[in-house]
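Participant: Below: one structure in structure tokens.
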């Protein structure tokens, strides 16, 4: 049996592959499977199908991806994803996905980000939601057991091999001891450790990072985090909720508190259609230099656009702002600020099958690393789920079948059980939610869009103080459920992810893609390496294989005329 942790797009695609291969599989997730993070993805999914531009190829897709990664993506991972992308789309079609199509039946594809050709397939602005629904439907057809509301607290390991996982039910606290031949980790990234983030409260808290590291795996490039330029500021419980970049694509303008259209200072040619990292840096600079709004943001204004344009091209944005702020964007500007959006680093995995340092343990999706480097092409994350969900499912199936016996450790199981028992008995004065907020404040202040040596060291000192306070937490489940226990584990995950991020950000003494060091403003060719982190070995520099000639020959500046740079 293979256990899949996480029931978003990556986890479900892997579970489907396992079930189709005739292997017993169990998928568990802490959120309802209908409402995982994948469902929030709006823009589209990339594959060089050549339906719109016959001259497109997987090699060109790979070249665009590697160039946009600032040469930190692994060429082997990139080749696997781009070459396997068309099959990923075929799989979705086989499962019944309703793509937008041209009148003659071809799958529609549009320009997205720094892609040379039109290769982004979509389903309105609900692409992720439609993918998630499609995968749920297929999982149901195959009779795959999916457990919602189960929080995995520890992977069970004996002599360097995984043999299962331990966790509890979020509603009634029931313990789960799950024995498995292999485990696929698909539980997301760590963007929730910033104050403003596009992730919801209980997702992307670094669970994958902590589970993997405590099992004996390592992290790669945790400092490489994509900040989206336009997250709302209020209400506080929804801070970071995204305003789609389509708002800029349709003609929205950015202004500071003085009313200046400030992008003319940062990218006078592309203005608001510049790349994510550049727009986020511009907004951050305006705010930091005192030209921000009273709440520490900038204005995004679409009120000059025809009402009909807004209602037909930006319906989701219109409804979101009406629901959250009672704001009519046809009349008023939106107050926004850069928001933590995507973990481009993650668990260290081998490119061919996403296996880790721990035998039988795999990581996929935003939990893993290797494809995006220092800047992610819009639409690449969704196709990565499909490609490696399939490949890793096959690898886990083969590994499971190869086992003639499995050793288990009563000590490891007892440790996992005692970890929960000790937390439930904890009655200290420290509040786990308050400590989570402290970590988010530290990361926002010292490891946000722009970093520097002094700030990162201050962040590490603050984190050490928070880790000390964590020894005196109180955990109090009540009649409503065991969320407080879950928050305690989220806190431990956040602290580990924050430490890895701060230490790696300190080590990367250069500015590259999403990683801006004000004290090292230039790109350093000597740092065209991946930074691999573990709590015992610290940080090592890992060299990146050479890019094959057939791909490097295609790497060129891509025109952004008429495109929203992603």
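Residue numbers (this note's numbering): -14 to 551. Backbone N, C-alpha and C define an ideal beta-carbon position, used for all residues, glycine too. This structure is a prediction, so every number in the text was calculated from the model and none was measured.
At 4 residues or longer, and completely inside the stretch 343 to 387: list those alpha helix (DSSP H) runs for me, N to C.
Facilitator: 365 to 387
Participant: Does the distance from the C-beta atom of residue 84 to that of residue 48 stay below 8 angstroms?
Facilitator: No, the pair does not count as a contact, with Cβ atoms beyond the cut-off.
Participant: From the DSSP output, read off the bridge partner residues of residue 31.
Facilitator: 105
Participant: Looking only at its chain, what residues have a beta carbon closer than 7 angstroms to the beta carbon of residue 539, apart from the 5 residues adjacent to it on each side?
Facilitator: 44, 45, 48
Participant: Secondary structure at residue 560, three-state DSSP: helix, strand or coil?
Facilitator: Residue 560 is absent from the model: the chain starts at -14 and stops at 551.
Participant: Is it buried or exposed for residue 526, if we count other Cβ within 10 angstroms and need 16 for buried?
Facilitator: exposed
Participant: Below 8 angstroms, can you find three or more Cβ-Cβ pairs linking the stretch 259 to 267 to the stretch 297 to 315?
Facilitator: no
Participant: Roughly how many angstroms lie between the CA atoms of residue 165 and residue 149, to the nearest whole one?
Facilitator: In this structure, the CA atom of residue 165 is about 5 angstroms from the CA atom of residue 149.
Participant: DSSP state of residue 548, grouped into three classes?
Facilitator: Annotation note: pLDDT 43 at residue 548 (below 50); position unreliable, no value reported.
Participant: What does the alpha-carbon distance come out to for the pair residue 548 and residue 468?
Facilitator: Residue confidence is low: residue 548 scores 43 on pLDDT, short of 50, so the model does not pin down where it sits. No coordinate-derived value is stated.
Participant: Which of the three DSSP states, helix, strand or coil, is assigned to residue 483?
Facilitator: The three-state secondary structure of residue 483, taken from DSSP, is helix.
Participant: Would you report the Cα separation of residue 157 and residue 244, rounded to the nearest angstrom?
Facilitator: Straight-line Cα distance between these residues: approximately 53 angstroms.
Participant: Give the straight-line distance between the Cα atoms of residue 5 and residue 115, rounded to the nearest whole angstrom.
Facilitator: 21 angstroms
Participant: I'd like the span of the alpha helix (DSSP H) that includes residue 440, first residue to last.
Facilitator: 438 to 454
Participant: Assign residue 2 to buried or exposed, taking buried as 16 or more other Cβ atoms, counted over all protein chains shown, within 10 Å of its Cβ.
Facilitator: Taking all protein chains shown into account, residue 2 has 16 or more neighbouring C-beta atoms within 10 Å of its C-beta and is therefore buried.
Participant: Looking at C-alpha atoms only, which residue of 0, 206, 215, 524 is the closest neighbour of residue 131?
Facilitator: 0
Participant: If you check the beta carbons only, do residue 184 and residue 22 fall under 8 angstroms apart?
Facilitator: Contact: yes.
Participant: Starting from the Cα of residue 190, find the closest Cα among 505, 486, 217, 534 and give me that residue.
Facilitator: When 505, 486, 217, 534 are compared, the shortest CA-CA separation from residue 190 is found for 486.
Participant: With H, G and I counted as helix, E and B as strand and the rest as coil, what does DSSP make of residue 211?
Facilitator: strand
Participant: Assign residue 292 to one of two classes, buried (16 or more other C-beta atoms within 10 Å of its C-beta) or exposed (fewer than that).
Facilitator: exposed
Participant: Report the partner residues of residue 153 according to the DSSP bridge assignment.
Facilitator: 136, 160
Participant: Cβ of residue 155 within 8 angstroms of Cβ of residue 15?
Facilitator: yes
Participant: Sorry if obvious, but does the Cβ on residue 517 come closer than 7 angstroms to a heavy atom of the ligand HEM?
Facilitator: The ligand HEM is absent from the structure shown, which contains no ligand whatsoever.
Participant: Taking just the CA atoms, how far does residue 488 sit from residue 545?
Facilitator: Only weak support is given to the placement of residue 545: the predicted model assigns it a pLDDT of 49, under 50, and the question is left unresolved by the model.
Participant: Jot down the residue ranges of each uninterrupted beta strand (DSSP E) in the stretch 198 to 261, minimum 3 residues, whole runs only, in chain order.
Facilitator: The stretch 198 to 261 contains these whole beta strand (DSSP E) runs: 210 to 217, 238 to 240.
Participant: Residues in its own chain within less than 7 angstroms of residue 249 by CB, not counting five upstream and five downstream?
Facilitator: 256
Participant: Measure how close the beta-carbons of residue 170 and residue -10 come, nearest whole angstrom, since I'm counting them as under 8 angstroms.
Facilitator: The C-beta distance from residue 170 to residue -10 rounds to 5 angstroms, short enough to fall under 8 angstroms.
Participant: Compute the Euclidean distance between the alpha carbons of residue 386 and residue 374, then round it to the nearest angstrom.
Facilitator: 18 angstroms
Participant: Which residues does DSSP pair with residue 189 in a beta bridge?
Facilitator: The partner list for residue 189 (beta bridge, DSSP) is empty, contrary to what the question assumes.
Participant: Can the beta-carbon of residue 58 be found closer than 8 angstroms to that of residue 357?
Facilitator: Yes; because the gap between Cβ atoms is below 8 angstroms, this pair is in contact.
Participant: Considering only their Cβ atoms, is the gap separating residue 282 from residue 320 smaller than 8 angstroms?
Facilitator: yes
Participant: Along the alpha helix (DSSP H) that carries residue 41, what are the first and last residues, could you check?
Facilitator: Element bounds for residue 41: n/a, residue is neither H nor E.
Participant: Could you tell me whether the Cβ atoms of residue 60 and residue 533 are closer together than 8 angstroms?
Facilitator: yes
Participant: Any idea if residue 560 is buried or exposed, counting beta-carbon neighbours within 10 angstroms, 16 or more meaning buried?
Facilitator: The structure shown does not extend to residue 560, since the chain spans only -14 to 551, so no value can be given for it.
Participant: So residue 429 packs on residue 448, CB below 8 angstroms; how close in whole Å?
Facilitator: With 8 angstroms as the limit, residue 429 and residue 448 do not qualify as a contact, their Cβ atoms being about 13 angstroms apart.
Participant: Excluding five sequence neighbours on each side, which residues of the same chain lie with their C-beta closer than 8 angstroms to the C-beta of residue 524?
Facilitator: 488, 489, 492, 516, 517, 518
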